[in-house]
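J.: This is the structure I want to talk about, given as structure tokens.
In this note's numbering, the protein residues as written are 5 to 290.
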């Protein structure tokens, strides 16, 4: 049991002959289940969402720890998990400033946990620090939005639905009409046609959440609708570059038809910080 729970390199994805590049029925079913779970958490009690965030980001950290093993880098998973969990809980209770303090302290103490030669210790320290900053601290912005009182569930709905709509629109138009890759050397399947689809569906999701649900003006609907495909695509490219460097296809295989947890969270994690500050400005100064 303990050996099963230890981080390990991700398995190669199952082969598929689908033009979509994935097991479509499994992908749709997984997406419906995940969206339903998160919707219920926002409706029933926001603390449930925070608990889900802690668990899901913990799984993401576990996937990352396994992925970097492909480069023979073994990070101290449990200390990093403890630090990440503390950051998320501090954000919920006290705010982002306390989470940043925890991040800085953890990054200063983390190298001391690894008693190895200096070169190996440096690579592990860099990999561990990157994990806390990318997965943990980026995730803290979602928790910070959840902590915004009665507006919290609405902000989280926007943070989840806009990247999901972006990914869906990009995938759909990319599969149907994709001919011109944006950056073939990084992510061959990302096309300009797909990017246009991302923009259209993200704009529709922005109208639904930012405009109707949160009640911001159409100026903000356009800002969020335009920002989402840029941020989400940047996040996808960043993770694609990381996976290519590690020599892996997906960060994990926990979700049928989707890959790993981080493969689903990459867009949300990249959108989180920008969304937080945009909402902060929009709700307080406009």
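Quick reminder that beta carbons are idealized off the backbone N, C-alpha and C, glycines included.
Going by other Cβ atoms of all chains shown within 10 Å of its Cβ, with 16 needed for buried, is residue 22 buried or exposed?
T.: With a pLDDT of 48 at residue 22, under the threshold of 50, the predicted position of this residue should be treated as unreliable, and no value is reported.
J.: Can you name, in chain order, every residue of its own chain whose Cβ lies under 7 Å from the Cβ of residue 181, other than the five neighbours on each side?
T.: 197
J.: Taking 6 Å as the limit between beta carbons, can you name the residues of its chain near residue 68, skipping five residues before and five after?
T.: 135
J.: Let me check one thing: in DSSP terms, what residues is residue 263 bridge-paired to?
T.: 259
J.: Is DSSP giving residue 221 helix, strand or coil here?
T.: coil
J.: By DSSP, does residue 192 sit in helix, in strand, or in coil?
T.: coil
J.: Work out the CA separation of residue 59 and residue 96 for me, nearest whole Å.
T.: A straight-line Cα-Cα distance of about 15 Å links residue 96 and residue 59.
J.: How long is the line joining the alpha carbons of residue 63 and residue 139, rounded to whole angstroms?
T.: 10 Å
J.: Nearest to residue 270 by alpha carbon, out of 236, 105 and 98?
T.: Ranking 236, 105 and 98 by Cα distance to residue 270 puts 236 first.
J.: Going along the chain, which unbroken runs of the alpha helix (DSSP H) with 4 or more residues stay wholly within the stretch 106 to 146?
T.: Listed in chain order, they are 122 to 135.
J.: How big is the Cα-Cα spacing for residue 127 and residue 75?
T.: 10 Å
J.: Taking the alpha helix (DSSP H) that residue 51 falls in, what are its first and last residues?
T.: 50 to 71
J.: Return the first residue and the last residue of the alpha helix (DSSP H) that residue 85 is part of.
T.: 81 to 98
J.: The alpha helix (DSSP H) spanning residue 169 covers which residue range?
T.: 156 to 181
J.: Decide if residue 105 is buried, meaning its Cβ has at least 16 other Cβ atoms within 10 Å, or exposed.
T.: exposed
J.: Leaving out five residues on either side along the sequence, give the residues of the same chain with a beta carbon under 6 Å from the beta carbon of residue 289.
T.: none
J.: How many angstroms separate the CA atom of residue 275 from the CA atom of residue 281?
T.: Counting only the Cα atoms, residue 281 lies some 10 Å from residue 275.
J.: Tell me whether residue 148 is buried or exposed, calling it buried when 16 or more other Cβ atoms sit within 10 Å of its Cβ.
T.: When all chains shown are included, residue 148 counts as buried.
J.: Give me, in chain order, the residues of the same chain whose beta-carbon lies closer than 6 Å to that of residue 272; leave out the 5 immediate sequence neighbours on both sides.
T.: Hits under 6 Å: 167.
J.: Here's a check: name, in chain order, each residue in its chain whose Cβ is nearer than 8 Å to the Cβ of residue 164, leaving out the five neighbours to either side.
T.: 39, 42 and 272
J.: Report the rounded CA-to-CA distance for residue 71 versus residue 268, giving the unit in angstroms.
T.: 15 Å
J.: In chain order, what residues of the same chain have a beta carbon less than 7 Å from the beta carbon of residue 16, not counting five sequence neighbours either side?
T.: In this prediction, residue 16 has a pLDDT of 48, which is less than 50 and means its spatial position is unreliable; what the coordinates show is noted afterwards. Here the set comprises 253.
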